[in-house]
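Working notes for the structure below.
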Amino acid sequence: MSFKNAFKNLIAHFGIVWAVLLYLIICSAIIVGLSLPFILPIAGAFEKAGVFDGIGKAFTVLMGDGGWNGFWDGLFDVYEKIVGVFADGRMASLAMMFVILVVLIAFRFFFGLYEIPLATVLDGRMSCNANYGFGGKFISMLGVSVRFSLAKMPIMIATDAVTLGIVYGLTKLIGMNVILPFAVILVIIVMRAFRSSLTACWAPCVAGGMGVIKGFARSCEICFKRFGSIYSTYIIMWLLIVAFGLFITIFTLGVGLIVAFPFAMSILGYIGITVYYNKTGKRYYIDGAVFTPPMENVI
Numbered sequence: 244m245s246f247k248n249a250f251k252n253l254i255a256h257f258g259i260v261w262a263v264l265l266y267l268i269i270c271s272a273i274i275v276g277l278s279l280p281f282i283l284p285i286a287g288a289f290e291k292a293g294v295f296d297g298i299g300k301a302f303t304v305l306m307g308d309g310g311w312n313g314f315w316d317g318l319f320d321v322y323e324k325i326v327g328v329f330a331d332g333r334m335a336s337l338a339m340m341f342v343i344l345v346v347l348i349a350f351r352f353f354f355g356l357y358e359i360p361l362a363t364v365l366d367g368r369m370s371c372n373a374n375y376g377f378g379g380k381f382i383s384m385l386g387v388s389v390r391f392s393l394a395k396m397p398i399m400i401a402t403d404a405v406t407l408g409i410v411y412g413l414t415k416l417i418g419m420n421v422i423l424p425f426a427v428i429l430v431i432i433v434m435r436a437f438r439s440s441l442t443a444c445w446a447p448c449v450a451g452g453m454g455v456i457k458g459f460a461r462s463c464e465i466c467f468k469r470f471g472s473i474y475s476t477y478i479i480m481w482l483l484i485v486a487f488g489l490f491i492t493i494f495t496l497g498v499g500l501i502v503a504f505p506f507a508m509s510i511l512g513y514i515g516i517t518v519y520y521n522k523t524g525k526r527y528y529i530d531g532a533v534f535t536p537p538m539e540n541v542i
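Once you know that position 56 of the sequence shown is 299 in the working numbering, the rest is easy, because the numbers rise by one and skip nothing.
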């Protein structure tokens, strides 16, 4: 029910996707600017070591007579070249600084600022059919968004660390073969669905006037009391997001990802606030019609 109602509302108010796209473009420009001092020297070292040529050769083998076995052998050669690059202490230090300063801190922080204004806009549309502007809410809610993004960052990092640990264990267990990518994708979906379930109602709670810490506690309470239905919703959602992303990447040569990313962020925002409304028994608008959640599901 949450997935269906969220999708209906997103299609009815598709303009939010373009607002999120603009936000992504601005944030991406900031992240790229912060990344250049780290990325350029590493990319130069990769070029000298033949990493990029190795990737090209691996795909050439895949399309030729080598098949998947030749492809994986080619990727393993690329992996060994990358390890050789980072054996250099300077390259290793640059990579570590890039991961800590850009990936773990800057990326998480800037790409977490959109959730509160998005939840506020969606809350207005669902509660009273109001049409708030994303840009205006982003500016007016910036202080709350900063606190929210900083509070969410440790949770994101912790779950990513667990995911990487499981993926590393699978790599050691399975080895470099055709099964590994599917196992890795499955692990990512399972972990993303768990994190999304845990934080589903966090932004809607904060957008509704609850404090950041109290909002997280309330989100966890709702999640664990209705874990089965919420988790299954997000499992389906992440499966569809991954499948849609792969389809778009293959059949549009990656161009379609320009719309796929903001669409995924918007639908996740809509699902979060729809789950919140459904589990708390709040009536809400679905494309102009009022929907009343079944009272047996209310927490």
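The C-beta atom is built at its ideal place from N, Cα and C for all residues, glycine as well.
- Contact between glycine 524 and proline 536 is confirmed by a C-beta separation of about 6 Å, below the 8 Å threshold.
- Under DSSP, phenylalanine 425 forms no beta bridge with any residue.
- In the displayed model, phenylalanine 350 falls within a helix according to three-state DSSP.
- A direct Cα-to-Cα measurement between phenylalanine 467 and tyrosine 520 gives close to 16 Å.
- DSSP lists no beta-bridge partner residue for valine 430.
- Classified as buried, isoleucine 473 has 16 or more neighbouring CB atoms from the shown chains inside 10 Å of its CB.
- Excluding sequence positions up to five before and after phenylalanine 352, its CB lies within less than 6 Å of the CB of Ser392, all in the same chain and listed in chain order.
- Your pair alanine 362 and alanine 450 checks out as a contact, with CB atoms roughly 4 Å apart and the cut at 8 Å.
- Its chain contains Pro447, Ala450, Gly451 and Ile516 as the residues whose beta carbon lies nearer than 7 Å to that of aspartate 366, once the 5 sequence neighbours on both sides are disregarded; these appear in chain order.
- In the same chain as aspartate 320, and ignoring 5 residues on each side of it, the C-beta atoms closer than 6 Å to its own belong to Gly297, in chain order.
- The beta carbon of valine 410 sits closer than 7 Å to the beta carbons of Val427 and Val430 from its chain, once the five residues preceding and following it are set aside; these are given in chain order.
- Apart from sequence neighbours up to five positions away, the residues of its chain that approach cysteine 463 with a beta-carbon distance below 8 Å are Leu441, ordered along the chain.
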